[in-house]
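A.B. asks: Before I ask anything, let me first share the structure, which is written out below as structure tokens.
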Amino acid sequence: MTDRRQTAAGAATQLGTQVSLNLGSSLAGLAIPAVGTAIIVAARQLVMLAIVLPVSRPRFRTLSLRTVWPALALGVVLVTMNTAYYQSIHLLGLGVAATLEFLGPFAVALFSSRRLIDVVCAVAVGAGVVMLTGFDGAVNVLGVALALLAAASWAAYILLARRAALTLPGLQGLGIAGVVSVAVLLPLAIASLPGARFSWEVILLLVLIGVLSSALPYSLDSFILRRISARLYAIISAFGPVIAAVFGWLVLNESLTAVQVVAILMVCAAACVAITTQRPARKSRLQETAEIFP
């Protein structure tokens, strides 16, 4: 497969994962009132492990700490990112939470940039965030803080997943990260069981959330990040907030004000301009990662 075809395949797959992730997030919004965030995130990771681990089969005896540490860190990042994001959806709504979370890959794309256009785009993004979260005078501070924590975790996820994909064969990195995340989450999920309200509908939702939000997109990320740069990954992720707002409206019956719609579009447009106008680096993907993680 030529480099151009590899890039096209990776980009198309990344767009598909955005649809899958946001559909799964909208289903999580339905399940959170019944079982809480910790159980949903634990269920996501358990479903992912059930699908990924049989085919990944990490060979721990042959792995050194230098090779495996990105996957270990990735497991902790997955817990933080998913828990903070789902709770922010519950407090802010899917469209708003997804837009704030997108600041993570946006920051990755603009890292170390000194161009004037990037400053202008960053100001536009900041204005959009203000319009989105506080223009009407009602700010859920905890929800915004959790969404920003999810954003920082997503930035870390992009870099760590890329490193793991380049240093570990197949889905071994994802399998190791899944084991770590489940080990961290299970005690929290067990502590939440007494207050949970389970039904067959809720169990089906948990399985669907696990497949759509974890097993499918995270498995495909290893395929994607071997074929496209972190920059292109971030460009495609810019469509995520719009997709999230659509699913929030269709599945969760959320409504956005005209100001919030403008704010979401402003953030996405500014991100796309900033990212697409950057000059492509003439370096191999392995060199890019080595510079980030010396």
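When you read off a place in the sequence shown, starting at 1, and then add 35, the result is the number in the working numbering.
Idealized CB from N, CA, C, for every residue including glycine.
1. Please report the straight-line C-alpha distance between alanine 144 and leucine 194, rounded to a whole angstrom.
2. Please report the distance separating the alpha-carbon of serine 234 from that of alanine 157.
3. In terms of residue numbering, what span does the alpha helix (DSSP H) encompassing proline 140 cover?
4. Just reading off the alpha helix (DSSP H) that arginine 198 is part of, what are its end residues?
5. So, using beta-carbon positions, are leucine 138 and leucine 84 closer together than 9 Å?
6. What I want to know is whether the C-beta of alanine 196 ends up closer than 8 Å to one or more non-hydrogen atoms of the ligand GDP.
7. Would you call the CB atoms of alanine 231 and alanine 69 closer than 9 Å?
8. Between the Cα of alanine 304 and those of Phe282, Val277 and Ile75, spot the shortest distance and give me the residue it belongs to.
9. Near glycine 51, which residues of its chain fall below 6 Å by C-beta distance, leaving aside the five closest residues on each side in sequence?
10. Short check: CB of histidine 34 to CB of threonine 72, under 9 Å?
11. Have a look at Gly245, Ala309 and Asn288 and flag the residue whose alpha-carbon is nearest the alpha-carbon of alanine 77.
12. Out of Phe274, Val286 and Ile263, state which residue places its alpha-carbon closest to the alpha-carbon of aspartate 38.
13. The alpha helix (DSSP H) spanning alanine 250 covers which residue range?
14. Any idea what DSSP makes of alanine 273, helix, strand or coil?
15. At the level of alpha carbons, what is the spacing between isoleucine 67 and arginine 150?
16. Buried or exposed: which applies to valine 62, given that a residue is buried once 16 or more other Cβ atoms fall within 10 Å of its Cβ?
17. So, with DSSP's three-state summary, where would you put glutamate 289?
18. Measuring alpha carbon to alpha carbon, tell me which residue in Ser254, Ser248 and Trp284 is nearest glycine 59.
19. DSSP three-state label for glycine 163, please.
20. Go ahead and pull the three-state DSSP assignment for phenylalanine 233.
21. Does the distance from the C-beta atom of serine 272 to that of glutamine 41 stay below 9 Å?
22. Could you check which residue in Ile270, Leu287 and Ala279 has the C-alpha nearest to that of serine 310?
23. Please list the terminal residues of the continuous alpha helix (DSSP H) segment that includes threonine 48.
24. State buried or exposed for phenylalanine 146, treating a residue as buried only when at least 16 other CB atoms are found within 10 Å of its CB.
25. Does DSSP classify isoleucine 263 as helix, strand or coil?
26. Smallest Cα separation from leucine 88: which of Glu136, Ser216, Leu209 and Gly64?
C.D. replies: Let me lay it out:
1. When rounded, the distance between both Cα atoms is 11 Å.
2. When only Cα atoms are considered, serine 234 and alanine 157 end up about 45 Å apart.
3. 138 to 145
4. From DSSP, the alpha helix (DSSP H) with arginine 198 extends over 176 to 202.
5. no
6. Ligands are entirely absent from the displayed structure, and the ligand GDP is therefore not among its contents.
7. yes
8. Val277
9. none
10. Residue 34 cannot be examined here, being either before or after the span of the chain that is shown, 36 to 329.
11. Gly245
12. Ile263
13. No alpha helix (DSSP H) holds alanine 250; DSSP gives it neither H nor E.
14. coil
15. 42 Å
16. According to the sequence displayed, residue 62 carries leucine and not valine. Buried, since its Cβ has 16 or more Cβ neighbours within 10 Å.
17. coil
18. Ser248
19. helix
20. Coil, per DSSP.
21. no
22. Reading off the sequence, residue 310 comes out as isoleucine, not serine. The residue with the shortest Cα to Cα distance from isoleucine 310 is Ile270.
23. Per DSSP, threonine 48 is one residue of the alpha helix (DSSP H) stretching across 38 to 70.
24. So phenylalanine 146 ends up on the exposed side.
25. coil
26. Leu209
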